[in-house]
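*Asks:*
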Amino acid sequence: MHIAEGVLSGPVLAAGFAITVVGVGIGLKKLDFEHIAETGMMAAAFFVASLVHVPIGPANVHLILNGVVGLLLGWAAFPAIATALLLQAVFFQFGGFTSLGVNTAIMALPAVAGYYLFAPLLNKSPKIAAGAAFACGFTAVMLGALLLGGALFLSDENFLEVASIAVSAHIPVMIIEGFITLFCIGFLKKVRPEMLPGKENSP
Amino acid sequence: MLQETFISQKSLIQNLTPWTRTLAVIISSTVIALSNNLSVLLPALGTALLLVSVAGLDFRQVGRRLLVLSGFLLMIWLILPFTYQGQIVWRISFLSVSHEGLLAATRLTLKTCSMLLIFLTLISTMSTADLAHALHSLKIPAKLVLLLLITYRYIFLIEDELQTLLRAAKVRNFKPGTTLHCYRTYAYLLGMLFVRAAERAQRVHQAMLCRGFNGRFHSLREYHNRSLDYGFLALVSIIAVLMTLCEWKVITLPTLF
Amino acid sequence: MHQTHSAILSLQKISFHYPNGPTVINDLDFTLNKGDRIGLTAPNGSGKSTLFHLIVGLLKTSSGRILCEDQEIIKEEDFRQLRRRVGLLFQDADDQLFFPTVLEDVAFGPLNLGKSKEEALTISHQVLQRLELVDFADRITFKLSGGEKKLVALATVLAMEPDVLLLDEPTAGLDHKTKLRLIELLNNFTDLTYLIVSHEFDFLTATTNHIYTMENGTILVDEELHIHHHEHAHRSGQQPHRHI
Amino acid sequence: MHQTHSAILSLQKISFHYPNGPTVINDLDFTLNKGDRIGLTAPNGSGKSTLFHLIVGLLKTSSGRILCEDQEIIKEEDFRQLRRRVGLLFQDADDQLFFPTVLEDVAFGPLNLGKSKEEALTISHQVLQRLELVDFADRITFKLSGGEKKLVALATVLAMEPDVLLLDEPTAGLDHKTKLRLIELLNNFTDLTYLIVSHEFDFLTATTNHIYTMENGTILVDEELHIHHHEHAHRSGQQPHRHI
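Chains as they are written, first to last, in this note's numbering: chain B, 1 to 203; chain W, 204 to 460; chain S, 461 to 704; chain U, 705 to 948.
#1: In this structure, does DSSP put V61 of chain B in helix, strand or coil?
#2: Since Q551 of chain S sits in a beta bridge, which residues does DSSP pair it with?
#3: Mind listing, in chain order, the continuous alpha helix (DSSP H) runs of no fewer than 4 residues lying wholly within the region 490 to 515 of chain S?
#4: Is it buried or exposed for L744 of chain U, if we count other Cβ within 10 angstroms and need 16 for buried?
#5: What is the DSSP secondary structure of H721 of chain U, counted as helix, strand or coil?
#6: In whole angstroms, give me the CA-to-CA distance for T83 of chain B and L469 of chain S.
#7: Just to make sure I have the definition right: I need the residues of chain S whose C-beta is within less than 7 angstroms of the C-beta of D867 of chain U. Which are they?
#8: Using a Cβ distance threshold of 8 angstroms, determine whether the region 125 to 135 of chain B contacts the region 226 to 243 of chain W, with at least three qualifying pairs required.
#9: Using Cβ-Cβ distances below 7 angstroms, what residues of the region 575 to 605 of chain S are close to chain B?
#10: From K213 of chain W to S327 of chain W, what does the alpha carbon distance come to, in whole angstroms?
#11: Could you pull out every residue in the same chain whose Cβ sits closer than 8 angstroms to the Cβ of N680 of chain S, ignoring the five residues on either side in sequence?
#12: Does the separation of the CB atoms of V48 of chain B and L396 of chain W fall below 8 angstroms?
#13: Assign S231 of chain W to one of three DSSP states: helix, strand, or coil.
#14: Does H701 of chain S come within less than 8 angstroms of chain W when only Cβ atoms are used?
#15: Could you list the residues in the region 526 to 543 of chain S with a C-beta less than 8 angstroms from some C-beta on chain W, going in chain order?
#16: Could you tell me the boundaries of the beta strand (DSSP E) in which L143 of chain B lies?
#17: Hey, out of W:R268, W:H421, W:Q206, W:N218, whose CA is closest to K494 of chain W's CA?
#18: Looking only at its own chain, which residues have a Cβ that is under 8 angstroms from the Cβ of V167 of chain B, when we skip the five neighbours before and after it?
#19: Just to check my reading of the structure: L436 of chain W and T223 of chain W have Cβ atoms closer than 8 angstroms, yes? What is that Cβ distance to the nearest angstrom?
#20: I'd like the span of the beta strand (DSSP E) that includes R294 of chain W, first residue to last.
#21: How close, in whole Å, do the beta carbons of S828 of chain U and L807 of chain U come, if the pair is a contact with beta carbons under 8 angstroms?
#22: Is there at least one Cβ from chain W nearer than 8 angstroms to L755 of chain U's Cβ?
#23: Please list, in chain order, all residues of the same chain as V162 of chain B whose beta carbon is under 7 angstroms from its beta carbon, the five residues on each side excluded.
#24: Based on the DSSP output, what are the partners of D628 of chain S in its beta bridges?
#25: Does any CB atom of chain W fall closer than 8 angstroms to the CB of P55 of chain B?
#26: Can you name, in chain order, every residue of its own chain whose Cβ lies under 7 angstroms from the Cβ of G6 of chain B, other than the five neighbours on each side?
#27: For chain W, is any of its Cβ atoms less than 8 angstroms away from the one on P482 of chain S?
#28: Around the Cβ of D496 of chain S, are there at least 16 other Cβ atoms within 10 angstroms (buried) or fewer (exposed)?
#29: Using a beta-carbon distance below 8 angstroms, is P560 of chain S in contact with chain B?
#30: 8 angstroms is my cut-off, CB to CB: does M204 of chain W come that close to chain U?
#31: On the DSSP letters alone, give me the boundaries of the beta strand (DSSP E) that L298 of chain W sits inside.
#32: Is the beta carbon of L334 of chain W less than 8 angstroms from the beta carbon of T225 of chain W?
#33: Go ahead and label G941 of chain U buried or exposed: buried means 16 or more other beta carbons lie within 10 angstroms of its beta carbon, across all protein chains shown.
#34: Any C-beta of chain S sitting closer than 8 angstroms to the C-beta of D879 of chain U?
#35: Over what stretch of residues does the beta strand (DSSP E) that includes T673 of chain S continue unbroken?
#36: DSSP three-state call for Q288 of chain W: helix, strand or coil?
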């Protein structure tokens with residue numbers, strides 16, 4: 001989920017940067033030195049995980065996983081996602097410096113939102129926890145897609161159709177990410193619950 | 204396999220310090236991002252192509268990277284000319300193509316392509332470690348730089364682990380498909396990747412403690428810019444200023460449209 | 461080694477090198493007949509793991525032919541069929557296990573082979589029983605000890621009901637007790653054909669009928685190593701120690 | 705073992721158990737004197753790595769005292785001071801090399817000890833020179849081989865200029881050549897006191913003066929293993945093999 005460079009207008013790029021600077025600032029502030037290695041390593045793991053393509057019908061989509069990132073890292077999702085996106089730009093030229101702010105905001109805002117909305121539910125009954133995990137994966141992609149569409153539309157009102165196609169193209173991804181998040185969180189809950197929020201310290 | 208395709212290129216570009224290259228990309232891509240005038244964007248693409256050839260990059264590899272944009276650009280060209288409000292130039296049955304739509308699609312194509320090429324030529328040809336230190340000397344917070352360095356260090360290792368797990372799945376006859384079983388398998392596989400990452404992070408943190416880490420990070424790199432660097436930055440700045448003046452119609456070049 | 465009609469697996473002059481890399485496997489000829497229990501011992505980096513990866517198609521040979529019961533294995537689909545019959549036990553069990561619980565991990569293979577959930581569970585329980593791991597079914601795989609993981613990994617392979625087992629350094633990192641258990645298990649698998657790569661000569665003598673060496677990317681079948689005993693005296697102690 | 709005034713490190717009846725877990729280290733007494741070169745050998749899971757983690761304060765003892773030159777180490781700040789003097793070489797070099805390039809990894813420790821950039825670089829170059837790794841300074845960590853990583857990890861530890869080295873299974877996964885190099889290096893460190901945990905008896909005999917075993921969470925200093933040679937005959941071959 002990223003917007004290439006050269007698509008968005010100046011004000012939208014600036015707004016994206018402003019959000020990202022604030023988000024990364026909060027994330028870094030909350031990130032004590034005990035968790036730097038952990039956050040760096042998780043950013044690396046998410047970067048690698050996003051290389052995985054999962055099939056949907058005849059096509060493939062690559063995973064976004066911002067829901068999982070949010071649940072595991074809280075506000076540290078901002079610096080972690082910014083880092084992973086910068087690496088994606090360097091390795092694959094997905095985006096560049098000018099779009100880094102907007103792209104980080106598109107993925108990290110929903111991640112943090114997912115953290116606040118759904119993390120508290122993960123410690124409830126298995127059914128509620130599973131529902132929350134699915135909803136988190138689904139919502140994080142949905143919000144991301146809406147932000148992406150919004151960024152396009154605000155750049156130029158004539159991008160409306162492009163924006164709506166971009167958003168609707170993410171609908172199957174939302175469902176897949178819902179399931180992936182559901183199973184992934186279920187896995188972590190069994191195998192290493194201390195990675196999930198509320199088990200250790202706050203974000 | 205994760206590869207840094209353009210990193211080992213030897214050329215004039217490699218003689219510039221990472222600091223120079225990073226700053227040059229920040230300046231030039233900001234100017235291009237804010238430009239809309241075709242008489243600015245066409246020369247921009249020309250300059251970008253010139254850079255690519257100076258850098259001596261493999262054109263096939265570069266083309267492959269441009270293909271990344273093709274899906275998006277195709278969508279732009281299939282939609283924008285028909286939906287953009289403006290003066291109609293063609294009418295094909297119920298579809299009408301607007302002059303502004305064509306212009307917008309052209310503009311977008313020029314911008315994305317030239318920006319991708321500039322980034323590719325100046326940034327993707329250096330190691331991310333160099334980029335991290337360059338960003339540090341451009342006042343990016345040390346904590347973020349340290350994060351970037353650690354992440355870069357371990358992506359190769361984790362990618363290796365991913366490939367091994369995927370092989371293990373393959374050996375047990377796993378075949379991806381649009382099924383819940385497939386999604387569950389991928390989710391568990393990734394979960395395992397995260398668990399291993401977290402366990403390694405714990406050991407890495409311990410290793411950092413053993414070496415006296417207390418949260419402060421000191422970058423060792425210093426960039427000794429030479430006249431080549433200043434010359435290059437001066438050139439980039441002059442072009443940037445000319446483009447900006449042109450964009451604001453302070454000066455005009457012969458327009459093509 | 462002569463090829464007979466009962467050759468399950470036959471490698472004919474296979475070679476492998478990484479792109480622009482040195483040759484790892486070099487004109488290797490080898491035949492595995494039904495019932496064979498063969499050990500391979502060789503120095504590090506002599507291409508043993510590569511050989512196993514070539515057999516199951518995780519790597520593609522640069523030249524040569526791989527045959528399974530006289531049928532040449534060429535396409536990925538052929539290898540998919542082959543992998544049902546040839547089970548590979550990875551050197552590091554952690555690389556092989558990625559499900560939350562032991563039972564899910566063991567059932568993964570059968571499910572991939574198109575078995576129903578019930579069938580997969582039945583098979584998994586049977587395999588776990590056979591390996592005396594029934595109590596492990598609901599344990600979290602990741603939290604098991606190294607030795608336990610190795611046995612579970614073996615269970616995941618056996619659940620695919622293979623005819624041939626390829627074991628890559630099965631004793632690496634195992635404690636003595638687990639090694640003995642593994643020896644016992646392998647000796648009980650009377651219906652299995654297997655090929656074991658290992659540094660540990662004693663383990664190979666206990667589990668295989670023939671031991672060959674690998675050198676320069678090929679298997680030296682002419683220089684079979686004979687099973688023999690070691691007598692030697694220690695001036696000090698019954699302490700566990702290792703000779704190299 | 706008797707405590708003398710030259711004891712660098714002294715462990716007095718230390719115990720450790722994980723919360724609600726079994727006891728891993730049990731009333732362990734041990735003294736390391738200046739110049740000691742001691743090997744520890746023990747079965748898997750006997751708490752060797754735990755012992756090292758306790759010494760440098762990565763884990764906190766449940767009871768007992770740790771003294772460094774007669775000064776008790778209690779607070780995290782004490783351990784921070786201790787870690788300048790006691791360098792721990794991790795089992796997996798990938799855990800210890802967390803920077804993309806070799807030089808910044810080696811210089812990280814000295815910088816944290818408050819050295820200036822120039823001093824840190826000088827020290828790093830010296831250490832790399834000492835280990836004959838000068839050409840490695842600008843190499844990318846993840847592209848190094850396993851053996852190279854191990855040597856660079858050793859360099860990162862030595863750059864802190866410790867008095868004592870703790871080496872956790874230093875030969876794990878190393879090829880023969882690197883093992884020999886490591887033996888040579890350790891024997892050249894005449895100014896170092898060290899404690900090595902290893903499975904490989906031959907490595908310990910080549911690098912240490914005393915070898916003890918660990919059992920039930922404690923070090924058996926009474927049952928020192930003596931360095932001795934093995935004579936035995938093989939009926940077949942000069943093939944490399946290993947005895948257990």
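Even for Gly, the Cβ is constructed at its ideal location relative to N, Cα and C. Here the structure is a predicted model, which means the values were calculated and not measured.
*Replies:* Considering the structure as presented:
#1: The residue given as residue 61 of chain B occupies position 61 in the first sequence. DSSP places V61 of chain B in the strand class (E or B) of the three-state scheme.
#2: As a working mapping, residue 551 of chain S is identified with position 91 in the third sequence. According to the DSSP secondary-structure assignment, Q551 of chain S is paired through a beta bridge with no residue.
#3: Within the region 490 to 515 of chain S, the complete alpha helix (DSSP H) segments at least 4 residues long are 508 to 515, listed from N- to C-terminus.
#4: Locating residue 744 of chain U in the fourth sequence gives position 40, where the first residue counts as 1. With 16 or more other CB atoms across the displayed protein chains lying within 10 angstroms of its CB, L744 of chain U is buried.
#5: Against the fourth sequence, residue 721 of chain U aligns to sequence position 17. In the structure shown, H721 of chain U sits in a strand (DSSP, three-state: E or B).
#6: Looking up residue 83 of chain B in the first sequence gives position 83. Looking up residue 469 of chain S in the third sequence gives position 9. For T83 of chain B and L469 of chain S, the distance between alpha carbons rounds to 48 angstroms.
#7: As a first step, residue 867 of chain U must be located in the fourth sequence, where it is residue number 163. Per Cβ cutoff of 7 angstroms: no residues; D867 of chain U is ~29 angstroms from chain S at best.
#8: Three or more Cβ pairs closer than 8 angstroms define a contact, and the region 125 to 135 of chain B falls short of that threshold against the region 226 to 243 of chain W.
#9: Listed in sequence order: I600, F602.
#10: Position 10 of the second sequence, counting from 1, holds the residue named residue 213 of chain W. Position 124 of the second sequence, counting from 1, holds the residue named residue 327 of chain W. In a straight line, the C-alpha of K213 of chain W is about 13 angstroms away from that of S327 of chain W.
#11: On the third sequence, position 220 is the one that residue 680 of chain S refers to. The identity of residue 680 of chain S in the sequence shown is Leu, whereas the question assumes Asn. Excluding residues within five positions, the ones whose Cβ falls inside 8 angstroms are Y672, T673, M674.
#12: Start at 1 with the first residue of the first sequence, and residue 48 of chain B comes out as number 48. Start at 1 with the first residue of the second sequence, and residue 396 of chain W comes out as number 193. Their beta carbons are under 8 angstroms apart, which means V48 of chain B touches L396 of chain W by this criterion.
#13: As a first step, residue 231 of chain W must be located in the second sequence, where it is residue number 28. It is helical.
#14: By one-based count along the third sequence, residue 701 of chain S stands at place 241. Reliability of the predicted coordinates at H701 of chain S is poor, the pLDDT of 46 falling under 50, and the value obtained from them is presented with this limitation in mind. Closer than 8 angstroms: no.
#15: Only those residues of the region 526 to 543 of chain S whose C-beta falls short of 8 angstroms from the nearest C-beta of chain W are listed: R540, R543.
#16: For the purposes of this step, residue 143 of chain B is taken as residue 143 along the first sequence, with counting starting at 1. Segment 126 to 155 is the alpha helix (DSSP H) holding L143 of chain B; no beta strand (DSSP E) there.
#17: A question about residue 494 of chain W goes unanswered here, because the residues of chain W that appear run from 204 up to 460.
#18: Looking up residue 167 of chain B in the first sequence gives position 167. Closer than 8 angstroms at Cβ, skipping near neighbours: A145, L146, L148, G149.
#19: Along the second sequence, read from residue 1 onward, the residue named residue 436 of chain W stands at position 233. Along the second sequence, read from residue 1 onward, the residue named residue 223 of chain W stands at position 20. Rounded, the Cβ-Cβ distance is 6 angstroms, consistent with contact.
#20: Walking along the second sequence from the start, residue 294 of chain W turns up at place 91. 291 to 295 is the span of the beta strand (DSSP E), which, as asked, contains R294 of chain W.
#21: In the fourth sequence, the residue the question calls residue 828 of chain U occupies position 124. In the fourth sequence, the residue the question calls residue 807 of chain U occupies position 103. About 6 angstroms separates the two Cβ atoms, so the contact holds.
#22: To locate residue 755 of chain U, count along the fourth sequence from 1; it is residue 51. So no, L755 of chain U is outside the interface.
#23: Within the first sequence, residue 162 of chain B is the residue found at index 162, counting from 1. Around V162 of chain B: L152.
#24: Taking the third sequence and counting its residues from 1, the one referred to as residue 628 of chain S is at position 168. In the DSSP output, where bridge partners are listed per residue, D628 of chain S has S:V657.
#25: Mapped onto the first sequence, residue 55 of chain B falls at position 55. For P55 of chain B, the answer is yes, since a Cβ of chain W falls inside 8 angstroms of its Cβ.
#26: Here residue 6 of chain B corresponds to residue number 6 of the first sequence, with the count starting at 1. Around G6 of chain B: no qualifying Cβ.
#27: Mapped onto the third sequence, residue 482 of chain S falls at position 22. No - not a single Cβ of chain W is within 8 angstroms of the one on P482 of chain S.
#28: The residue labelled residue 496 of chain S in the question sits at position 36 within the third sequence. D496 of chain S counts as buried, since no fewer than 16 other beta carbons sit within 10 angstroms of its beta carbon.
#29: Taking the first residue of the third sequence as 1, we reach residue 560 of chain S at position 100. Chain B, which has a Cβ nearer than 8 angstroms to the Cβ of P560 of chain S, makes this yes.
#30: Against the second sequence, residue 204 of chain W aligns to sequence position 1. Not closer than 8 angstroms to any Cβ of chain U, the Cβ of M204 of chain W fails to qualify, so no.
#31: On the second sequence, position 95 is the one that residue 298 of chain W refers to. Per DSSP, L298 of chain W belongs to the beta strand (DSSP E) from 298 to 301.
#32: On the second sequence, residue 334 of chain W is found 131 positions in, with the first residue counted as 1. On the second sequence, residue 225 of chain W is found 22 positions in, with the first residue counted as 1. In contact: L334 of chain W and T225 of chain W (Cβ atoms closer than 8 angstroms).
#33: The count along the fourth sequence starts at 1 and reaches residue 941 of chain U at position 237. Unreliable placement is indicated for G941 of chain U, whose pLDDT of 41 sits below 50; no coordinate value is reported for it.
#34: Counting from one through the fourth sequence, the residue named residue 879 of chain U turns up at place 175. Interface residue, yes.
#35: Taking the first residue of the third sequence as 1, we reach residue 673 of chain S at position 213. For T673 of chain S, the enclosing beta strand (DSSP E) begins and ends at 670 to 675.
#36: If you number the second sequence from 1, residue 288 of chain W lands on position 85. Here Q288 of chain W sits in coil by DSSP.
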